[in-house]
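A short write-up of the structure that comes next.
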Ligand code: HXC
């Protein structure tokens, strides 16, 4: 019979073996690829010494294809909970050193249990993906495991924040777990996501493309919009995740943390008038306006590289998290298109799920005209913004900066859609359409019959601008609550947010709505 000492030594040995996953050689190979191991990654993510592993000794039960000789403790994933700034977060980090991080029955079970604990305890869940996908030898058991993970992702959606950090391959159906989660993070030269890789594509369609071009960080953060954040290194990625978590509540029943940074609430914002050009046709970068009124250095942009005609992101006002949804005149004159609608609607729904008040900044001529947009379904996609704003029950403040025309006005700033408070700069223009278009329609006869049609047209455009487009008309109907001096934007927005901060709104009882997808 073994002595206690021997049992403890055996335990220590076993534990040490578990801690090196697929072994030193595989760890070396992982480092040679410029990647950290799952455990190293968790060290950079969590507060020092805070990680508690769950189910360390789980192994595969598979025996087919010699799998009984390839058993590794942990089965290719490290799951458990650690702390970020003292707040608990659950994690499932795939370990590529074990069978390429491939997902079999028991790995899936570990991940599913970590997800379930996150859900039960109301803590964010972070998946670190680095895997060859479904473990081929385990067949349907792997597929069943993915199904379970996808369902857990879906059940947790809107209850706890879910992040997917792609730090290696994420191929085949495996991509759908990240796709269901709230935010996807990718690292240059490290991350790849695709349904079918370059080889399959070459066979099926004849197209030739590299892994990175097909599914790398730039492809998904800039072209497909699948991923939200792109980084140069894993360390930058993990540091950012820690920062992003500080803006979010742990779950949908909590409020986001309040983190004042000493920026005075009544700090004047003279830079806004410097940013805003006198010529209404001149573009500007709406991020300069956001950075002027938000708490110093608090703005973090989401989906920065994709659909740049809208800017969405988190900031703090007097220490409280807000979600910003802004038109970006620098790109397509801020016209809303299919991609921008998808980007904005998903962000708005995230904010609404997690009790984050929404501040919209309107300067938009309308939805982007064009056959490609119409045939691509701008009607269906644009409707997502209307739907997302209309059903959001968090406080919603709109600030009209300049143009707010047509359906885009309704999306960005209409009280009828449910904005709780609408404020406007004196520079704003609110109308069904721009003055040129309007004059061409309603004064067509006057212009045509005039001795000097061009002069008449200019006169009518000016008349339309003066009489119809100024914010006092909308304010006269109560559709704009206040017209503010841009110099006091920060103070006015903070006062507005405070005014509606205790808002309680219930939607009609239903199973769920049917957002146009
Ligand atoms: C079992 C796998 C595996 C998998 C990799 N390995 N993927 N084992 N099932 N899916 C093993 C390899 O055999 C190898 O084991 C070890 O992991 C490391 O893999 P390498 O190929 O040496 O690494 P690398 O050269 O870096 O290439 C990584 C890779 C490649 C690009 C991910 O391994 C690959 O293409 N794997 C297959 C990807 C794939 O098609 N997966 C199925 C997708 S379909 P040894 O012991 O030889 O070192 C899918 C369906 C899910 O996932 C559906 C859910 C709904």
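Residue numbers (the working numbering): 84 to 600. Just so you know, even glycine gets a beta-carbon here, dropped at the ideal spot from N, CA and C.
Excluding sequence positions up to five before and after residue 512, its CB lies within less than 6 Å of the CB of 486 and 552, all in the same chain and listed in chain order.
Under the DSSP assignment, residue 550 falls in the alpha helix (DSSP H) whose first and last residues are 536–551.
The ligand HXC approaches residue 218 closely enough that one of its heavy atoms is under 6 Å from the residue's Cβ. Excluding five sequence positions before and after residue 384, the CB atoms of its chain that fall closer than 8 Å to its own CB belong to 370, 394, 395 and 396, given in chain order.
In this structure, residue 423 places its C-beta atom within 7 Å of the C-beta atom of residue 390. In this structure, 172 is the residue among 475, 172, 154 and 240 with its C-alpha nearest to the C-alpha of residue 328. Distances between the C-beta of residue 143 and the heavy atoms of the ligand HXC are all 6 Å or more. In the DSSP annotation of this structure, residue 278 is not part of any alpha helix (DSSP H), being labelled neither H nor E. Exclusion of the five residues before and after residue 432 leaves 471 as the residues of its chain whose Cβ lies within less than 7 Å of its Cβ.
For residue 400, no alpha helix (DSSP H) encloses it; the enclosing beta strand (DSSP E) starts and ends at 393–400. From the listed residues 279, 286 and 300, the smallest Cα separation to residue 254 is found for 279. In this structure, residue 277 has its beta carbon at no less than 6 Å from each heavy atom of the ligand HXC.
As for any beta strand (DSSP E) of minimum length 3 sitting wholly inside the segment 306–346, the runs are 312–314, ordered along the chain. Distance between residue 202 and residue 353, taken at the CA atoms: about 45 Å. With a cutoff of 7 Å on beta-carbon distance, residue 120 and residue 110 are scored as near each other. Here the distance from the Cβ of residue 254 to the nearest heavy atom of the ligand HXC is below 6 Å.
267 is the residue among 187, 340, 259 and 267 whose C-alpha sits nearest the C-alpha of residue 249. Partner residues in a beta bridge of residue 554, as assigned by DSSP, do not exist.
Of the candidates 284, 367, 315 and 405, 405 places its Cα closest to the Cα of residue 338. According to the DSSP assignment, residue 253 belongs to no alpha helix (DSSP H) but to the beta strand (DSSP E) extending over 245–254.
Under DSSP, no beta-bridge partner is assigned to residue 144.
The beta carbon of residue 185 sits closer than 6 Å to at least one heavy atom of the ligand HXC.
The Cβ-Cβ distance between residue 392 and residue 415 falls below 7 Å. Separation of residue 429 and residue 410 (C-alpha to C-alpha, rounded to the nearest whole angstrom) is 15 Å. Rounded to the nearest whole angstrom, the CA to CA distance from residue 473 to residue 240 is 20 Å.
For residue 371, there is no enclosing beta strand (DSSP E); the enclosing alpha helix (DSSP H) covers residues 369–376.
In this structure, the ligand HXC has a non-hydrogen atom nearer than 6 Å to the beta-carbon of residue 229. The shortest C-alpha to C-alpha distance from residue 342 to any of 403, 285 and 123 is the one to 403.
Taking residue 151 as reference, the option from 283, 142 and 319 with the minimal CA-CA separation is 142.
Here the alpha carbon of residue 507 sits roughly 11 Å from the alpha carbon of residue 446. Taken through DSSP and simplified to helix, strand or coil, residue 565 comes out as strand.
Counted as a single uninterrupted DSSP element, the stretch harbouring residue 223 is not any beta strand (DSSP E) but the alpha helix (DSSP H) occupying residues 222–239.
Contact between the segment 287–297 and the segment 86–104 is absent: fewer than three C-beta pairs spanning the two stretches fall below 8 Å. Set against 6 Å, the gap from the CB of residue 262 to the closest heavy atom of the ligand HXC is not smaller. Annotation: residue 229 to residue 217 spans about 8 Å, alpha carbon to alpha carbon. Collapsing the DSSP output to three states places residue 162 in a strand.
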